[in-house]
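Structure first, then comments.
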Amino acid sequence: MNQPWQMSSMDPDVVEIPPPPIASGSRTRKPRQAVIAEVIDVEQYEFRNNVADKKNKGKAIRHISSSYDHNPFSHLASSEAVPTELDDYAMFQAILNSQDIPTDVEVVMPTQPRSPYTIMAPYLPSGPFKVDDCASSSSRPIAAEVIPSAQANYLRDFKRFDTVDDFSDHHFASQGKASKQHAKGWVKKVQSDWKILENDLPETIFVRACESRMDLLRAVIIGAEGTPYHDGLLFFDIQFSDTYPSAPPKVHYHSGGLRINPNLYNCGRVCLSLLGTWTGDTRESWIPEESTMLQLLVSIQALILNQKPYFNEPGYEQSMGTQSGELLSEAYSENVFMLSLKTMVYSMRKPPKHFEEFVRSHYFMRAHHIVKACNAYTNGAPLGSMVKGGFQDVSETSRKGSDKFRAEVACFMKTVVDEFVKLGVKELQEKQKP
1 MNQPWQMSSM DPDVVEIPPP PIASGSRTRK PRQAVIAEVI DVEQYEFRNN
51 VADKKNKGKA IRHISSSYDH NPFSHLASSE AVPTELDDYA MFQAILNSQD
101 IPTDVEVVMP TQPRSPYTIM APYLPSGPFK VDDCASSSSR PIAAEVIPSA
151 QANYLRDFKR FDTVDDFSDH HFASQGKASK QHAKGWVKKV QSDWKILEND
201 LPETIFVRAC ESRMDLLRAV IIGAEGTPYH DGLLFFDIQF SDTYPSAPPK
251 VHYHSGGLRI NPNLYNCGRV CLSLLGTWTG DTRESWIPEE STMLQLLVSI
301 QALILNQKPY FNEPGYEQSM GTQSGELLSE AYSENVFMLS LKTMVYSMRK
351 PPKHFEEFVR SHYFMRAHHI VKACNAYTNG APLGSMVKGG FQDVSETSRK
401 GSDKFRAEVA CFMKTVVDEF VKLGVKELQE KQKP
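Anchor point for the sequence shown: position 311 equals 311 in full-length UniProt numbering, and the numbering is continuous, going up by one each time.
If you want it as structure tokens, here you go:
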């Protein structure tokens with residue numbers, strides 16, 4: 001199936017190199033061409049699947065290991081990039097003219113990748129400029145300084161926990177006042193939670209607290225790869241009640257009117273034993289002396305936003321592993337992914353306060369990967385099999401995505417791509433042209 005947004009490699013640029021200004025000998029040498037090597041597109045960051053084993057529910061939850069505040073290109077930045085106002089041809093010519101290069105050899109140099117992840121800047125090597133003779137069977141590209149994009153820098157510097165001065169759009173903003181005086185014990189517990197969040201938040205959860213309304217929090221969770229929520233952003237508004245920690249916090253999910261999980265209602269209700277909004281044994285309930293806000297957020301991520309949310313529905317877990325149960329689970333997850341795509345569009349159009357630039361930068365950085373995944377799904381790849389760097393092992397099942405799912409993804413892709421283009425991912429606009 002031909003996809004209008006299928007990523008394709010660019011033709012190599014060819015630069016003709018004239019003879020050096022000082023030539024020796026009387027022979028006339030015909031200039032050769034410098035072949036520009038194709039640059040492999042490297043994904044900036046990868047997220048591991050954060051799926052909790054149902055048999056160990058509530059016992060141990062693994063944190064996702066990758067983060068925005070890590071620069072995966074730092075090992076390449078061994079020298080400073082040289083700023084220049086020259087155009088590409090003049091830039092490369094300046095490099096070549098400064099070296100004693102015979103006119104009958106080929107010089108291999110990298111092109112600039114067309115991707116939002118990085119910007120390739122010219123780099124003048126400090127050591128000898130190496131070239132391969134034309135008779136050589138191999139070529140080596142010269143080094144280049146890799147500069148993260150502005151969006152990558154923003155995400156790297158975006159604190160996992162921070163305080164803000166206003167939460168006027170918060171779901172629980174009307175339930176309380178900034179001037180309200182809280183008991184010392186309550187304040188001490190909330191400040192303790194803040195400290196824990198500041199030090200121990202996993203790398204795919206970000207939280208903002210309000211200084212003037214200590215009872216309010218806002219959190220965003222990045223959907224783990226391998227799940228139908230991959231690459232998505234899920235926002236939650238939280239309020240500490242007056243009786244906290246004797247009673248668990250209140251949590252509201254930003255649903256946009258969509259129900260993407262049995263535990264997340266389209267009205268924003270979150271069902272979880274830890275919140276007391278669902279029945280569970282004592283170990284899964286809120287324990288005032290032990291439970292924390294960090295535990296709550298990580299539980300939502302691991303126990304609700306998992307790989308097979310169909311089995312979150314009470315009673316359905318009994319069919320896990322059966323043919324009928326797995327078929328129903330696959331169909332449910334495909335529908336969840338479609339709702340997740342719609343949630344992405346909803347978030348880009350109306351990002352929550354204090355996360356506006358975070359949302360824009362996140363989807364700017366993830367746009368190409370999301371499009372690649374959707375193209376793979378329309379061609380039959382199983383949901384969740386597309387991960388950073390290729391396809392993950394899907395030995396559990398050899399089933400392809402359903403025809404209905406493939407058609408729905410293909411139909412909705414234009415809406416998603418249009419939003420990415422508005423963010424500045426202009427390369428995708430070219431892919432839409434017939």
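Note that beta-carbon positions come from the ideal geometry of N, C-alpha and C, so glycine has one too.
When rounded, the separation of the alpha-carbon atoms in E430 and V421 is 10 Å. The alpha helix (DSSP H) runs lying completely inside the stretch 343–428 and spanning 4 residues or more are 356–378, 403–423, given in chain order. Residue nearest to F355 within the set M293, T163, H230, K184 is T163 (criterion: CA-CA distance). A direct Cα-to-Cα measurement between W194 and Q307 gives close to 29 Å. In this structure, the CA atom of S340 is about 10 Å from the CA atom of N261. Leaving aside the five residues that flank E313 on each side, the residues in its chain whose CB is nearer than 7 Å to its CB run, in chain order, P262.
When only Cα atoms are considered, Y253 and L233 end up about 11 Å apart.
For the stretch 277–319, the continuous alpha helix (DSSP H) assignments of 4+ residues that do not extend past its boundaries occur at 293–299, in sequence order. About 7 Å separates the beta carbon of L274 from that of S285, a gap short enough to meet the 8 Å contact definition. For Q239, the enclosing beta strand (DSSP E) has its first and last residue at 233–239.
In this structure, the alpha-carbon of G325 lies about 29 Å from that of L296. Inter-residue distance for V359 and L264 is about 21 Å (C-alpha atoms, whole angstroms). DSSP, reduced to helix, strand and coil, places R218 within a strand of the structure shown. Annotation for I205: R160, A219, V220, I221, I222, L297, V298, Q301 place their beta carbon closer than 8 Å to its own, counting only its chain and skipping 5 residues before and after. Non-local C-beta neighbours of P351 in its own chain, meaning closer than 8 Å and more than five positions away in sequence, comprise F358, V359, R360, ordered along the chain. CA-to-CA, the gap between K353 and F167 works out to about 7 Å. Taking all protein chains shown into account, V190 has 16 or more neighbouring C-beta atoms within 10 Å of its C-beta and is therefore buried. Remark: C-beta atoms of L201 and C210 do not approach each other more closely than 8 Å. Per DSSP, reduced to three states, the secondary structure at I260 is coil, with no helix or strand assignment. The three-state reading of DSSP puts R156 in helix, counting H, G and I together.
Beta-bridge partners of D162 (DSSP): R208. At a Cβ-Cβ threshold of 8 Å, A381 and G401 count as neighbours.
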